[in-house]
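In UniProt numbering, the protein residues as written are 1 to 539.
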Amino acid sequence: MHLGDDGGTTATVPAGWWLRALASIPDPVAVLGPGWEVLWVSPAAASASGLDPAAVVGRVLWDAVPGTSTSEEPLRRAARTGATTTWEARIGGPRWYELQAVPLDGLLLVVARSADERRRAAEQLADSLERTRLVLEVSTALGAARTLDEVASAVVTVATEKLGADYGGLSVVDWSTRRVRTASRAQIDPAVEEAWADLPLEHAGPAPHVCRTGEELVFERLEDVGALFPEVADRVRRSGLRSGLVVPLVAEDSVVGALTVGWREDGRVSGGVLDVVRASAGATGQAVRRALLLADRASAAEVLQRALLAPLPRGLDVELAARYLPAGRRDHVGGDWHDAVPLDGGRLALVVGDVAGHDVEAAAVMGRASGALRSFLLAVDGLPSRALTAADDAFWRLDVPAPATVVAGVLTPPGRAGARSWRWANAGHPPPLLVPPDGRTRVLSRPPELLLGVDPSTHRTDHVVTVPSGSVLLLHSDGLVERRDRDLDEGTAELAALLGPLVAEHAGASLEELLDALLAAALPGRPADDVVVMAVRTP
């Protein structure tokens with residue numbers, strides 16, 4: 001035994017053992033001399049560079065191995081400072097490596113580890129974030145759109161400017177006249193574009209077909225269009241488009257139109273493009289529906305409010321019900337909303353919010369806020385605090401003119417004992433209420449946090465509570481509990497005292513009946529403020 005140079009105790013090692021040990025390492029390893037000459041390379045390093053060791057050893061690294069000149073600066077830094085240096089580079093081929101240079105006795109030991117997988121993961125994350133950003137951009141623009149022209153402009157602009165499409169078209173079906181009218185932005189033959197502007201629903205073309213059937217169409221090549229729609233193949237050929245997709249736009253279980261995106265090149269419909277267009281189709285369908293209703297000259301404000309409230313999902317393993325009551329005003333419009341979003345793994349996201357104001361602008365902001373939160377809940381895998389944090393940042397960047405109170409949470413599937421968990425975050429909103437099977441109402445109040453959109457640096461907190469089987473969870477806006485003669489805390493306490501007995505009385509009734517009874521008891525007259533309530537009952 002003897003002391004090593006670093007002061008540690010070592011045993012005598014047979015000559016050549018260290019090189020054999022380095023050669024056995026599966027990662028590429030090399031030793032460089034003081035003049036940057038290659039003194040030794042491992043078999044893995046020779047394989048990674050694709051070069052014969054005999055052609056490399058003894059030569060200066062960047063002269064011997066193509067593409068290594070980018071490593072000169074970090075290698076010189078390691079030699080100059082005597083400190084281990086790490087960087088990323090390619091080694092004589094397309095693969096990326098994380099390289100580490102360790103100075104030892106005037107030489108440099110260089111070890112490389114594959115960085116391809118990590119870089120792919122980073123690229124996939126960046127692609128995912130970009131897709132989420134585009135969907136948010138569409139949702140934000142659609143939330144403010146009130147006419148079909150505004151809807152078409154919002155969605156077609158994203159298709160042509162952000163997705164690089166050569167054609168974007170919004171088709172709207174009129175079921176009373178059985179016509180399909182298309183507004184588009186295109187770099188195609190104007191005569192073809194004009195011919196597509198107004199077609200009978202029975203026309204043998206892609207957009208009318210999708211409006212009739214509700215089926216999505218994807219074309220990777222021009223020949224695919226000709227095979228399915230031979231009667232319009234020549235017109236498509238004259239358009240110059242060679243690949244594209246047509247997706248149905250659905251609102252309230254009815255097809256209201258179709259969204260077409262096309263390119264002049266084959267094979268442009270990637271998975272990322274499909275994700276963005278499909279995710280945007282839901283919001284576009286709702287926006288088309290809203291614009292059609294407003295155009296019908298019905299009560300414009302009330303129709304806007306109803307259209308902005310997303311329909312509740314069906315086929316859940318819990319009972320779900322919601323109510324919206326406009327205040328006793330002539331315009332019947334405001335910023336209250338509710339939303340329920342099914343997530344992966346049987347989870348269910350629930351949102352109730354209230355934008356400041358009682359006018360069309362508040363309703364428009366509400367549409368943007370609800371669409372943004374829905375997108376963020378999907379993008380962050382249903383973590384409420386992260387969704388609210390992302391919405392804070394988006395409100396700030398997009399200069400949303402009014403703040404909002406929001407409670408957002410996720411209900412999990414039942415565990416082994418049948419209980420679920422409710423994870424939520426609250427941005428200045430009235431607290432949720434939980435009525436477990438024992439009938440003792442719990443007010444899920446936590447330390448207050450700022451309203452949404454006030455400060456993008458606000459820290460958002462997740463809270464978790466167990467929801468036993470047979471419980472009722474209630475979310476509501478302040479219009480249910482706040483009065484001129486009492487504050488929010490007093491109103492919440494009265495609601496809690498009222499809710500428990502009502503849940504017990506309606507144990508055998510539907511959740512819809514329970515909400516009707518609750519509203520009748522809590523609001524004997526026309527409410528002074530908008531009211532939203534949403535309830536979940538677990539089996």
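Note that beta-carbon positions come from the ideal geometry of N, C-alpha and C, so glycine has one too.
Of the candidates Val503, Ala54, Ser184 and Ala387, the residue whose Cα lies closest to the Cα of valine 407 is Ala387.
With fewer than 16 other Cβ atoms from the protein chains shown falling within 10 Å of its own Cβ, alanine 197 counts as exposed. Counting only runs that start and end inside the region 16-61, the alpha helix (DSSP H) elements of at least 4 residues fall at 17-24, 43-49 and 53-56. In its chain, beyond the 5 residues on either side, Arg95 and Trp96 have a beta carbon closer than 6 Å to the beta carbon of aspartate 116.
Pairing leucine 350 with alanine 340 gives a Cβ-Cβ distance under 8 Å.
Membership of serine 445 in any beta strand (DSSP E) is not indicated, and neither H nor E is assigned to it by DSSP. Secondary structure at glutamate 494: helix, using DSSP grouped into helix, strand and coil. Within its own chain, the residues whose Cβ lies closer than 6 Å to the Cβ of tryptophan 396, once the five positions on either side in sequence are excluded, are Pro456, listed in chain order. In the displayed model, glycine 282 falls within a helix according to three-state DSSP.
In the DSSP assignment, glutamate 88 falls within the unbroken beta strand (DSSP E) covering 85-90.
For the pair of segments examined, the region 169-185 was found not to touch the region 398-407: the number of CB pairs separated by less than 8 Å stays below three. Residues of the same chain with a CB within less than 6 Å of the CB of aspartate 336, apart from the 5 flanking positions on each side, are Asp354, Ser477, Asp530 and Val532 in chain order. Listed as beta-bridge partners of tryptophan 263 by DSSP are Ser243.
When Ala295, Val261 and Arg290 are compared, the shortest CA-CA separation from glutamate 252 is found for Arg290. In summary, serine 24 is exposed, with fewer than 16 beta-carbon neighbours lying within 10 Å of its beta-carbon over all protein chains present. For arginine 178, there is no enclosing alpha helix (DSSP H), since its DSSP letter is neither H nor E.
For histidine 209, the enclosing alpha helix (DSSP H) covers residues 206-213.
Valine 276 has its alpha-carbon roughly 37 Å from the corresponding atom of serine 471. When the Cα atoms are used, valine 232 and proline 527 turn out to be separated by approximately 56 Å.
It is roughly 33 Å from the alpha-carbon of methionine 366 to the alpha-carbon of leucine 217. A check of alpha carbon separations from arginine 221 across Leu245, Ala517 and Leu199 identifies Leu245 as the nearest. In the DSSP annotation of this structure, the continuous segment of the beta strand (DSSP E) that includes leucine 411 starts and ends at 404-411. Partner residues in a beta bridge of alanine 159, as assigned by DSSP, do not exist. When Glu449, Pro431 and Pro414 are compared, the shortest CA-CA separation from threonine 389 is found for Glu449.
Check the Cα spacing between isoleucine 188 and each of Leu163, Arg146 and Arg237: the tightest is with Arg237. Annotation for leucine 502: Leu514, Ala517, Leu518 and Ala521 place their beta carbon closer than 8 Å to its own, counting only its chain and skipping 5 residues before and after.
8 Å or more divides the Cβ of valine 155 from the Cβ of leucine 136.
Per DSSP, the beta-bridge partners of proline 248 are Ala258. The beta carbon of arginine 374 is closer than 7 Å to those of Asp339 and Val341 in its chain, skipping five residues each way along the sequence.
In this structure, the alpha-carbon of valine 31 lies about 17 Å from that of tryptophan 87. Contact between glycine 439 and alanine 497 is absent: CB atoms are separated by about 11 Å, not below the 8 Å threshold. Sequence-distant Cβ neighbours of leucine 452 in its own chain, meaning closer than 8 Å and more than five residues away, are Gly353, Ala369, Leu388, Ala391, Asp392, Phe395, Pro403, Ala404, Thr405, Val406, Ala427 and Gly428. For leucine 519, the enclosing alpha helix (DSSP H) stretches over residues 511-522. Contact between the region 97-113 and the region 139-157 is not established, with fewer than three Cβ pairs separated by less than 8 Å. Taking all protein chains in view, the Cβ of arginine 77 is surrounded by fewer than 16 other Cβ atoms within 10 Å, so the residue is classified as exposed.
When DSSP states are grouped into helix, strand and coil, phenylalanine 219 belongs to the strand group.
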